[in-house]
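Before any comments, here is the structure.
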Amino acid sequence: MATAARVLPRPAARRRIYVAVGVLVASIAFVGFWTSYFGPLLTAGSVDAPAIIHFHATIYIGWLLIFLTQTVLAASGRVAAHTKLGNLAIGYGVLVVVAGLIAAFGMFALRVRAGNVVDAQGRLVGPLVDMTVFAPLFAAAIYYRRRPEIHKRLMVVATTYLLVAAVSRMPFLGEPRNLYLVHLIWVAPILLAMAHDWWRQRRVHPVYVAGVALIVATGPLLRAPVRASEAWRGLSGWLAGWVA
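Under numbering that gives the first Met the number 0, the residue at position 225 of the sequence shown is numbered 224, and the numbers go up by one with no gaps.
See the structure below:
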């Protein structure tokens, strides 16, 4: 008796899910920063923020555009262009980390000099954790760039990790923030990719599982105790005295 062979989707078709992931990532960033940045910029033509914030925002937007462009190139089968832009993205990823640290310490110094020392100490934790986690994720993605099944998933996890600042600014999450919704929206791009994995091959790649676990482990549940710890207050207090 003849059996019907399962028709597997073409590679380019399978990669289209990453375009959807890229659009979702950009949408979360846009919505999260609408009130504090994109809204004033598009409606009033300017944003009342220090120059260092504009610098950081420009680099961040550039990274999202690169990520989205890469997903489109891969989905359309333009491998050569994807590889060429990927080589440039290696340097840009380093710039993302450098810009993140410059913005973190720059804003820390501005707040300290304005007399808001406690606020400065608390706000420094988030961006330092972000860059500490993003950097090795991005480095791992570079290391595995010749193994696309791992590489592309690491890029999804690394870029998704950067969304925490946007999600934490969404006003509809309440005050104090609903941590369940924070985590759900934060990991939404990874969940979308996981759902596609399961639909296509009835299993979820371990990179995604590890990524979600990493986000939960290093998210708000970790950061709040760090901010309140004596060790952090001592270290950041010393730093505040140095930059004052």
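Each residue gets a CB set at the ideal place from its N, CA and C atoms; glycine is no exception. Everything numeric in this text was worked out from a predicted model, so none of it was measured.
- By the criterion of a C-beta distance shorter than 6 Å, LEU100 is surrounded in its chain by MET130, once the five residues flanking it on both sides are discounted.
- For ASP196 and ALA19, the gap between their C-alpha atoms comes out near 14 Å.
- Annotated as distal: VAL96 and ALA43, with beta-carbon spacing of 7 Å or more.
- The three-state secondary structure of MET169, taken from DSSP, is coil.
- Taking 7 Å as the cut-off, the beta carbon of VAL203 is found no closer than this to the beta carbon of ILE189.
- Only residues of its own chain outside the window of five on either side were considered, and among them ALA119, LEU123 have a CB closer than 6 Å to the CB of PHE107, listed in chain order.
- Cβ-Cβ separation between ALA187 and ILE27: approximately 7 Å, consistent with a contact (criterion under 8 Å).
- When DSSP states are grouped into helix, strand and coil, ARG152 belongs to the helix group.
- The segment 161-176 and the segment 137-147 do not touch, with fewer than three beta-carbon pairs separated by less than 8 Å.
- Within a 10 Å sphere around the beta-carbon of GLN200 sit fewer than 16 other beta-carbons, which makes this residue exposed.
- With contacts defined by Cβ atoms closer than 7 Å, VAL132 and THR34 do not form a contacting pair.
- In the DSSP assignment, THR34 falls outside any alpha helix (DSSP H), carrying neither H nor E.
- Non-local beta-carbon contacts of ALA56 in its own chain, meaning distances under 7 Å to residues more than five positions away in sequence, involve TYR36 in chain order.
- At a Cβ-Cβ threshold of 7 Å, PHE137 and ALA165 do not count as neighbours.
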